[in-house]
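Here the sequence shown is numbered in numbering that gives the first Met the number 0, starting from 0 and rising by one per residue. Built from N, CA and C at the ideal position, the CB exists for glycine as well. Report on one structure; see the data block that follows.
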Amino acid sequence: MSVATQTKSKLDIVPLTRHIGAELRGIDLRQRPADETIAAIYQAWLDHLVIVFPGQKLSQEDLVRVTGYFGEIGDLHRPPKYRPPGQDRLLPGIMMISNIRENGEPIGSLPDGEMMFHHDMIHAEVPSKATMLYCVETPDTGGNTLFASGYAAYDTLDPQIRNRLEGRKALHHYNYGSVQKGDDKGTEAFAECVHPVFRTHEDTKKKAVYVNRLMTVKILDMPQDESDSLLDLLYDHSEKKEFVYAHRWRVGDLLLWDNRCSSHARTDFPATQRRLMLRTTVKGATRPY
Ligand SMILES: [Fe+2]
0 MSVATQTKSK LDIVPLTRHI GAELRGIDLR QRPADETIAA IYQAWLDHLV
50 IVFPGQKLSQ EDLVRVTGYF GEIGDLHRPP KYRPPGQDRL LPGIMMISNI
100 RENGEPIGSL PDGEMMFHHD MIHAEVPSKA TMLYCVETPD TGGNTLFASG
150 YAAYDTLDPQ IRNRLEGRKA LHHYNYGSVQ KGDDKGTEAF AECVHPVFRT
200 HEDTKKKAVY VNRLMTVKIL DMPQDESDSL LDLLYDHSEK KEFVYAHRWR
250 VGDLLLWDNR CSSHARTDFP ATQRRLMLRT TVKGATRPY
């Protein structure tokens, strides 16, 4: 398949909040942008953590190609036995997120309702570097994705708390499909891993808070009650409104976030309305440090 190349693209970068999020206008991703434009998009992504390309009309092949601008496309991690039926209709590497039901069963993963803040694949040794979502169908209200800057949380953390936690590690655990900690919506299949509480981003060299309400279990080498209260404090701080961009989806939005320095959550939405997203990931290059 040949993809036409845009020789010259005008890239408009419009920040969406002070700490996180930018809309990139003037790009039609059906065509491969010029290399210098791809480099500028990559830099905008590092600068803003979350980038949105509105009004796209992309095929599955396009999604795979665009994902490749940011690294190697990731595999699906959930074991095949636990994948929803709609998954068979997609190219390898694309995951269906949907509440649409056929024969009473959701065709996609993570079908319903609110989802707690988390970093994708923090429960793996080498978590995904990035996640991309493409909006195919969206409810009239709700189903927003909230993105929190881990840099802003780290930079503004009480220095005493920061000093207590510097160099510490935390354990993360996730049953695939779970949307609230300890709910019964996850599969039996799970993964868990230990990573630093503060992660250094390998491209920007900046530090970010790297624990989350959905998946983090405890801080290692610390009494449980102390760990619990410090984690609660970190969650509440990280999710403060001033560090968060709330994305209201429009059909045709393509959005990419950086899992190394941001976490995300989903707001509730009406069960009677359809929501369909296609998701790809970019493989991480290194264990978090
Ligand atoms: Fe996620």
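Selection around ligand 1 by beta-carbon proximity, strictly under 6 Å to any non-hydrogen atom, yields 117, 119, 263 in chain order.
Taken in chain order, the stretch 99-140 contains no complete alpha helix (DSSP H) segment of 4 residues or longer. Per DSSP, residue 158 is one residue of the alpha helix (DSSP H) stretching across 158-164. Per the coordinates, the alpha-carbon of residue 233 lies some 11 Å from the alpha-carbon of residue 197.
For residue 256, the enclosing beta strand (DSSP E) starts and ends at 253-257.
The three-state reading of DSSP puts residue 218 in strand, counting E and B together.
Ranked by Cα distance from residue 288, the first of 167, 145, 112 is 167. Three or more Cβ pairs drawn from the stretch 223-242 and the stretch 139-159 lie within less than 8 Å of each other, which places the two stretches in contact. For the pair of segments examined, the stretch 264-278 was found to touch the stretch 138-149: the number of CB pairs separated by less than 8 Å reaches three. The three-state secondary structure of residue 275, taken from DSSP, is strand. Using a Cβ distance threshold of 7 Å, residue 74 and residue 258 do not count as a contacting pair.
A direct Cα-Cα distance of roughly 37 Å separates residue 70 from residue 228. For residue 138, the closest of 110, 93, 38 by C-alpha to C-alpha distance is 110. Using a Cβ distance threshold of 7 Å, residue 279 and residue 93 count as a contacting pair.
Proximity to residue 33 across 9, 44, 46, 107 peaks at 9, based on C-alpha coordinates.
Counting C-beta pairs with one atom in each stretch, the stretch 55-68 and the stretch 22-33 have three or more that are closer than 8 Å, which means they touch.
Under DSSP, residue 33 takes part in no beta bridge, so it has no partner. Secondary structure at residue 66: helix, using DSSP grouped into helix, strand and coil. For residue 144, the uninterrupted beta strand (DSSP E) segment begins and ends at 144-148.
For residue 244, the uninterrupted beta strand (DSSP E) segment begins and ends at 243-246. Straight-line measurement puts the Cα of residue 130 at about 25 Å from the Cα of residue 183. Pairing residue 178 with residue 276 gives a Cβ-Cβ distance that is not under 7 Å. By a beta-carbon distance limit of 8 Å, residue 194 does not contact residue 175. Their separation comes to about 18 Å. Residue 263 sits in a strand when the DSSP states are folded into three classes.
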